[in-house]
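Each residue of the sequence shown is one higher than the last, beginning at 1 in UniProt numbering. In this text, a Cβ means the ideal position worked out from N, Cα and C, and glycines have one as well. Okay, so here's the structure we're looking at.
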Amino acid sequence: MASAIKPIECGICLEEYNQTRRPRTLHCAHNFCGPCLQKSIVQGGLKCSICRKSHAAATIEDIPINSDLEKIVQMWSLMAVNTVRTDVSSNDEDDFNNGKCSRHKNSLLYFQCKTHGIYVCRECTVIEHSPSKCKIVEIKQEVNKTKEDTLKKAQKIIVDLGKSTTKLESIIVMKKESITNKKGKIEDLLKEIDEDCRVRDQAQDILENKSITRTLQDSIERLQSATTHKTIKPRM
1 MASAIKPIEC GICLEEYNQT RRPRTLHCAH NFCGPCLQKS IVQGGLKCSI
51 CRKSHAAATI EDIPINSDLE KIVQMWSLMA VNTVRTDVSS NDEDDFNNGK
101 CSRHKNSLLY FQCKTHGIYV CRECTVIEHS PSKCKIVEIK QEVNKTKEDT
151 LKKAQKIIVD LGKSTTKLES IIVMKKESIT NKKGKIEDLL KEIDEDCRVR
201 DQAQDILENK SITRTLQDSI ERLQSATTHK TIKPRM
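This is the structure we're talking about:
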């Protein structure tokens, strides 16, 4: 059975979102990476592969980037990197405590030479890898710094997501209020239209009644005129 799609990967190519595969959101609220959507546009039929709803888009720029999802992807990546680094640092720490320097057999490896990219002992930092010639860092200090940097980045992403969520909630409230106002205006307009129709019907009835009254009046006048002519005797 196929594994479930992760929220940080495209539902079409199943690749994780990144700078070249930025997540974009269709009107149906489903997300896919830019290259996959671009391919669908070029083929002439942009359709959501999840709900199968069709979408109109002339270019990929017509489909907005989901910046909130990008922040989640960044946090996910930071968590993954931090986990790997923690595991590696734990294993390295064992090596530092138990491993011996290849040049100084009785010395343990406690430092890293950034200049040459190797682990060194205290004696190495005196001659071959002295701080005057190389950039030397203590392993535990480097690991702690990495953890702190990762935590700061994750916290910033959480704050940004919180701001985005608050902004989105505010937009939703505004949209609901706008819909309510428009609904009220539509209802008022419908009432006004009903009233206009009622007045029009009444006016039509009045006009019809006037027309009938006038017709009857004309008939009465013609009848009276005909009666008058019949009753008048000619003079001798």
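Going by DSSP, C33 is part of no alpha helix (DSSP H) but of the beta strand (DSSP E) stretching over 31-33. When the Cα atoms are used, N66 and K163 turn out to be separated by approximately 15 Å.
Proximity of the segment 57-65 to the segment 29-41 meets the contact definition, three or more beta-carbon pairs being nearer than 8 Å. Note on H27: under 16 other CB atoms within 10 angstroms of its CB, so exposed under the neighbour-count rule. Judged by DSSP in its simplified three-state form, E138 adopts strand. Excluding the 5 residues flanking it on each side, R103 has same chain C-beta neighbours closer than 7 Å at C124, in chain order. The C-beta of C197 has fewer than 16 other C-beta atoms within 10 Å across all chains shown, which makes the residue exposed. Boundaries for P131: no beta strand (DSSP E) harbours it, and the DSSP string shows neither H nor E there. For the pair Q224 and Q204, the Cα-to-Cα distance works out to about 30 Å. Per DSSP, reduced to three states, the secondary structure at L46 is coil, with no helix or strand assignment. Counted as a single uninterrupted DSSP element, the beta strand (DSSP E) harbouring Q112 occupies residues 111-113. Per DSSP, the continuous beta strand (DSSP E) segment holding P23 begins and ends at 23-25. With respect to T25, N31 sits close: the two C-beta atoms are nearer than 7 Å. Per the Cβ contact rule, the segment 106-113 is not in contact with the segment 176-194 (fewer than 3 Cβ pairs under 8 Å). Contact between C134 and T115 holds: CB atoms are separated by about 4 Å, below the 8 Å threshold. Assignment of beta-bridge partners to K100 by DSSP yields L108.
Between L161 and K71, the gap from beta carbon to beta carbon is short of 7 Å.
The straight-line gap separating the alpha-carbon atoms of V73 and C13 is approximately 16 Å. Within a 10 Å sphere around the beta-carbon of C113 sit 16 or more other beta-carbons, which makes this residue buried.
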